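Under the numbering used here, think of the first position of the sequence shown as 49, with each following residue one higher. Here a beta-carbon is modelled for each residue, glycine too, at the ideal position from N, C-alpha and C. Predicted model, so just to flag it, every value in this text is computed and none were measured. See structure below.
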Amino acid sequence: MSKLDGKVAVVTGASKGIGAAIARALAKDGAAVVVNYASSKAGAEAVVAAITAAGGRAVAVQADVSQAAQAQALIEAAVEAFGRLDVLVNNSGVYEFSAIEEVTEAHYRRLFDVNVLGVLLATRAAARHLGEGGSIVNISSAITRVNTPAASVYSGTKGAVNAISGVLANELAPRRIRVNVVSPGFVVTEGTHAAGIVGSEMEAGLVAQTPLGRSGQPDDIASVVAFLASDEARWLTGEEITASGGIR
Ligand code: NAP
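Shown next as structure tokens:
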């Protein structure tokens, strides 16, 4: 028996990067998985195909988590497809960096809408369906402790995720729903490729400061999330696990 047998999970932003690895890891551990995407339909379908080819169960569902009706429809699609909901992984996120002199309202709203409002809206919808033993895992970032220049808005969104997670851990504890945070360090993904970080001096500098001596890979994060999602982590709530190869 695998540790997530019989469970149903929604992973937001699972068409690529860390979210895709999380979806594959939860399915490998026995969960039926809803692979959410905003625009990358082909990416989400490839993740579903890989899961099904390995004998798992998954469906792809489009939803922009920053829109209340779409976040709600995403959760309802999970319950309709698989009959229940046990795990929500709030992984969807956007990152852009801007020196304070260049910060705009549009930059602020784009990042806070997806990274913070999206977490609240998906969690609100999921909280109506999660029962005893439910698990919410929010993907934050180690950046909140590194104070990286030009990351005031992005780091602010992830600091908000940490604060929200602590509150919800207490708020949902009476219903035996756990809420934990995984904070990755630098991870090689489609997103960090597109942002020009992979292969840059910035990546080299981060690796030089990383005790375990390499960049993170999506699977390094996924295995931690799979643990927190499962009953093996039944005594953990309100925790933040930094998954960064030791860089802080
Ligand atoms: P990525 O490769 O850019 O993938 C982002 C995912 O989020 C995609 O599946 C994208 O869907 C989805 N997404 C974006 N906006 C969305 C929306 N409005 N509604 C639903 N889904 C949306 O990102 P990543 O590098 O894997 O990062 C994943 C998470 O880890 C983010 O929360 C990020 O902040 C965090 N993180 C990343 C790193 C890192 O170094 N990579 C480090 C620390 C924390 P579509 O492709 O369909 O648009």
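So within the segment 156 to 225, which uninterrupted alpha helix (DSSP H) runs reach at least 4 residues, ignoring any that extend past its ends? Those alpha helix (DSSP H) runs which fall completely within the segment 156 to 225 and span 4+ residues are 166 to 175, 191 to 194 and 200 to 220.
Going along the chain, which residues of its own chain have a beta-carbon closer than 7 Å to the beta-carbon of residue 285, five neighbours each way excluded? Within the same chain, residue 285 has close Cβ partners 217, 221, 226, 227 and 228.
Smallest Cα separation from residue 66: which of 265, 146, 51 and 102? When each option's Cα is compared against that of residue 66, the closest is 265.
Between residue 194 and the ligand NAP, is the CB less than 8 Å from at least one heavy atom? No, the ligand NAP has no heavy atom inside 8 Å of this Cβ.
Looking only at C-alpha atoms, which of 254, 260 and 168 sits nearest to residue 215? It is 168.
Please confirm if the segment 202 to 210 is in contact with the segment 153 to 169, defined as three or more CB-CB distances below 8 Å between the two stretches. Verdict: yes, contact present.
Span of the alpha helix (DSSP H) holding residue 128? Segment 116 to 130, the alpha helix (DSSP H) holding residue 128.
Does the ligand NAP have a heavy atom nearer than 8 Å to the CB of residue 117? No - the ligand NAP has no heavy atom lying nearer than 8 Å to the Cβ of residue 117.
Which of helix, strand or coil does DSSP assign to residue 78? In this structure, residue 78 counts as coil in the three-state DSSP scheme.
Could you tell me the distance, in whole angstroms, from the CA atom of residue 288 to the CA atom of residue 103? Whole-angstrom Cα-Cα distance: 32 Å.
Member of 175, 259, 68 and 72 whose CA lies at the smallest distance from the CA of residue 85: Checking every option, the nearest Cα to that of residue 85 belongs to 68.
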